[in-house]
């Protein structure tokens, strides 16, 4: 079921851009609400997607997203939420979704309110499932797809009840896919049916 998601592309004849409800010009053309274009994150895993691609975002919007992430995470959660909700509502052939989780938090940002914690809770309520933190904090030492990174560890007493159930790991931006990919694959190894969903992917996948 998961690999039969919407893959329709935008018409090349559509030239007009969106100015959304936040007043920000978006680079994507206007499309019917019943259509969508999702980017398959093949390195993350089967049935894992990004809602948007960095190359399809204006400089103005990208700067605003970065500013909201650093200073106004609640605003960014509100900004992204409808697109996450639409992804699940338009693709209602997923069946049961038993939980929403997010990748592990960085030790250096543990005391900071993170946009994905806010969004995870709100999204779970909207699609009538559970939001739960399944990963221990970690520190990503280096950047780059081939950098040597520490393993991601789970909170074992929380993961046990999701064995053979469906969990989605959501993230705001995936650059190399490493964190999202490792989060998804770590849960899969525990026999949890896991998929990843990012708001923005930075490059081809």
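In this note's numbering, the protein residues as written are 1 to 205. All C-beta atoms, glycine included, are put in the ideal place defined by N, C-alpha and C.
- One thing to note: residue 162 has its Cβ within 8 angstroms of the Cβ of residue 99.
- Cβ atoms of residue 186 and residue 152 come within 8 angstroms of each other, at about 5 angstroms.
- Residue 177 sits buried, since 16 or more C-beta atoms from the chains shown fall within 10 Å of its C-beta.
- Residue 134 is positioned such that its CB atom lies closer than 8 angstroms to that of residue 154.
- In the DSSP annotation of this structure, the continuous segment of the beta strand (DSSP E) that includes residue 198 starts and ends at 193-201.
- In this model, residue 199 and residue 164 are separated by some 26 angstroms (Cα to Cα).
- Put simply, of 72, 79, 88 the residue whose alpha carbon is nearest the alpha carbon of residue 197 is 88.
- Secondary structure note for residue 180: its alpha helix (DSSP H) is the uninterrupted segment 178-188.
- In this structure residue 41 is buried. Its beta-carbon is surrounded by 16 or more other beta-carbon atoms within 10 angstroms.
- Restricting attention to 57, 194, 173, 179, the CA atom closest to the CA of residue 50 is found in 173.
- Burial state of residue 107 is exposed, judged by a 10 Å Cβ sphere holding fewer than 16 other Cβ atoms.
- Of the residues 190, 60, 122, 59, the one whose Cα lies closest to the Cα of residue 74 is 122.
- Contact annotation: residue 202 and residue 175 have beta-carbon atoms nearer than 8 angstroms.
- Taken atom to atom, the span from the alpha-carbon of residue 54 to that of residue 61 is near 10 angstroms.
- Around the beta carbon of residue 63, fewer than 16 other beta carbons sit within 10 angstroms, so the residue counts as exposed.
- Between residue 136 and residue 104 the beta-carbon gap is near 6 angstroms, inside 8 angstroms, which marks them as a contact.
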